[in-house]
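Peer 1:
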Amino acid sequence: MQKVLITGAAGFLGSHLCDRFIKEGFRVIGMDNLITGDLKNIEHLFKLQNFEFYHHDVTKFVHIPGDLDYILHFASPASPIDYLKIPIQTLKVGSLGTHNLLGLAKEKKARILIASTSEVYGDPLVHPQNEDYYGNVNTIGPRGVYDEAKRFQESITMAYHTYHGLETRIVRIFNTYGPRMRLNDGRVVPAFIGQALRGEDLTVFGDGSQTRSFCYVDDLVEGVYKLLFSDYIYPINIGNPDEITIKEFAEEIIKLTNTTQKIIYKELPINDPLQRQPDISKARKILNWEAKIKRTEGMSKTLEYFKKFSKEELARSEH
Ligand code: NAD
Ligand code: UDP
């Protein structure tokens, strides 16, 4: 049985990846320090023989006994309010954490896939963003701690490939949403749904003309799975190109949740990218992958998940 280590396993994407690899018949080792994750996301896996969990901070030396075939490095705060709250840990998990996992991959002769992000393009001057664009990042801006950690992560991963012959894969993930996002992680999907369910007005930052392109988690997991088992070693965008302004998105959520709340406007965070849409030509051609789940379907599933929270839990998630 092949063995895969998934870091960030108790988080949103990591937990869905654990489910997928278990389903595909792998032995899965989940690792997480729970800084932004929640064991509830993987508690259903604890009873399985093929699943093991290590409560561990990957910025510290990582040891796994026995063989290891694959590593998926997804540990990192991912929401702007998280990485603004814990900036040094964010830099460390992208740099020291990635270094430790590359070292582990080298020792075990394992293939490693690292989770990069559309944030490596910063506030992009090219639209839609393709993988050849070098990006427009403010290194010392508030988002720099995340963006530069991820840029370093890509560089060190490529260096391990070039200088040590390590088998590496790099996925640039664009805004992904779905069940198991943290209600209070501040990202726009849980923020708007939480507000709608609490009966509050929806807070649009800036004038809401900035755009994002939202990908449902199942599509993302499929793209990551295909990339891991492909031969492609360069960064590849995985996202849904269906672009929407944040104002229109707020209106969609008001409609979906049937609320009578309105939109209120708040200050746009510094360096908030004005437009974002993945060019997925490479993923289409190389992986034969594209997002299949439309926003209406994905958002309905996501809403069903958040509706299960009690009034008290919803109230606690307010910030
Ligand atoms: P998340 O916050 O839900 O999950 C991240 C997990 O990593 C959490 O469980 C957290 O506790 C864990 N973690 C953080 N630092 C750690 C450390 N030092 N040691 C061990 N565990 C640690 O975020 P997510 O949305 O699931 O994102 C997962 C990965 O995907 C991140 O690397 C993120 O940068 C990347 N990504 C996500 C998106 C998205 O839209 N969700 C977009 C681009 C990139
Ligand atoms: N946003 C918003 N209201 C909120 C939360 C976010 O208008 O309550 C905006 C945010 O300014 C950004 C977009 O929604 O333009 C997506 O934000 P998110 O934090 O989800 O991800 P980002 O793509 O910025 O990393």
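Just so you know, we're using numbering that gives the first Met the number 0 here: the sequence shown kicks off at 0 and counts up by one.
Where is the CB? At the ideal position from N, CA and C, for every residue including glycine.
Tell me whether residue 328 counts as near ligand 2, meaning its Cβ is closer than 8 Å to at least one heavy atom of that ligand.
Peer 2: One cannot answer for residue 328 here, as it falls past the ends of the chain, which runs 0 to 318.
Peer 1: Check residue 191 in the structure and name its three-state DSSP category.
Peer 2: helix
Peer 1: Of the residues 160, 298, 223, which one's Cα is nearest the Cα of residue 5?
Peer 2: 223
Peer 1: For residue 299, report the span of its alpha helix (DSSP H) as first-last.
Peer 2: 294-306
Peer 1: Measure the alpha-carbon distance for residue 229 versus residue 263 and round it to whole angstroms.
Peer 2: 45 Å
Peer 1: In angstroms with no decimal places, state the Cα-to-Cα distance between residue 17 and residue 218.
Peer 2: The alpha-carbon atoms of residue 17 and residue 218 are separated by roughly 15 Å.
Peer 1: Beta carbon of residue 136: closer than 8 Å to some heavy atom of ligand 1?
Peer 2: no
Peer 1: Provide the residue span of the beta strand (DSSP E) that contains residue 32, from first to last.
Peer 2: From DSSP, residue 32 is part of no beta strand (DSSP E); its letter is neither H nor E.
Peer 1: Can you give me the Cβ contacts of residue 141 inside the same chain, cut-off strictly under 6 Å, excluding the 5 residues immediately before and after it?
Peer 2: 83, 269
Peer 1: Any heavy atom of ligand 2 within a distance shorter than 8 Å of the CB on residue 75?
Peer 2: no
Peer 1: Cβ atoms of residue 78 and residue 181: under 9 Å apart, would you say?
Peer 2: Yes; because the gap between Cβ atoms is below 9 Å, this pair is in contact.
Peer 1: May I ask you to check if the CB of residue 301 is nearer than 8 Å to at least one heavy atom of ligand 2?
Peer 2: no
Peer 1: What does a CB cutoff of less than 6 Å around residue 20 pick up in its chain, not counting 5 residues either side in sequence?
Peer 2: 3, 27
Peer 1: So, under 8 Å CB-CB, residue 109 and residue 169 are touching, yes? Tell me the CB distance rounded to an integer number of Å.
Peer 2: Incorrect: roughly 16 Å between the Cβ atoms, too far for contact.
Peer 1: List the DSSP bridge partners of residue 167.
Peer 2: 111
Peer 1: Smallest Cα separation from residue 33: which of 49, 51, 10?
Peer 2: Closest by alpha carbon: 10.
Peer 1: Indicate whether residue 256 and residue 195 have their beta-carbon atoms separated by less than 9 Å.
Peer 2: yes
Peer 1: Helix, strand or coil for residue 265, going by three-state DSSP, please let me know.
Peer 2: The answer is strand: DSSP assigns residue 265 an E or B state.
Peer 1: With a threshold of 8 Å, establish whether the CB of residue 298 neighbours any heavy atom of ligand 1.
Peer 2: no
Peer 1: Between 114, 81, 37, 80, which has its C-alpha nearest residue 96's C-alpha?
Peer 2: 114
Peer 1: Quick test of your reading: residue 185 and residue 80, contact by CB under 8 Å. State the CB separation rounded to the nearest angstrom.
Peer 2: With 8 Å as the limit, residue 185 and residue 80 qualify as a contact, their Cβ atoms being about 3 Å apart.
Peer 1: Compute the distance between the beta-carbons of residue 221 and residue 298, then report whether it is under 9 Å.
Peer 2: no
Peer 1: Would you kindly report the start and end of the unbroken alpha helix (DSSP H) that includes residue 203?
Peer 2: Here residue 203 belongs to no alpha helix (DSSP H); instead the beta strand (DSSP E) covers 201-204.
Peer 1: According to DSSP, residue 333 sits in a beta bridge with which residue or residues?
Peer 2: Here the chain comprises residues numbered 0 to 318, so residue 333 is not present and cannot be evaluated.
Peer 1: Can you tell which of 203, 23, 233 has the C-alpha that lies nearest to the C-alpha of residue 247?
Peer 2: 203
Peer 1: Among all the DSSP beta bridges, which residues are the ones paired with residue 70?
Peer 2: 4, 111
Peer 1: Which ranges does the alpha helix (DSSP H) cover as unbroken runs of at least 4 residues, wholly within the stretch 213-282, from first to last along the chain?
Peer 2: 216-227, 245-256, all fully within the stretch 213-282.
Peer 1: Does DSSP put residue 128 in a helix, a strand or coil?
Peer 2: strand
Peer 1: To which residues of the same chain is residue 143 closer than 7 Å at the C-beta, ignoring the five residues directly before and after it?
Peer 2: If we look at residue 143 and ignore the five residues flanking it on each side, its Cβ neighbours are 136, 137.
Peer 1: Mapping the DSSP letters down to three states, classify residue 58 as helix, strand or coil.
Peer 2: Residue state, collapsed to three classes: coil.
Peer 1: For residue 25, which residues from the same chain have a beta carbon less than 6 Å from its beta carbon, with the 5 sequence-adjacent residues on both sides left out?
Peer 2: 1, 3
Peer 1: Is the distance from the Cβ of residue 173 to the Cβ of residue 116 below 9 Å?
Peer 2: yes
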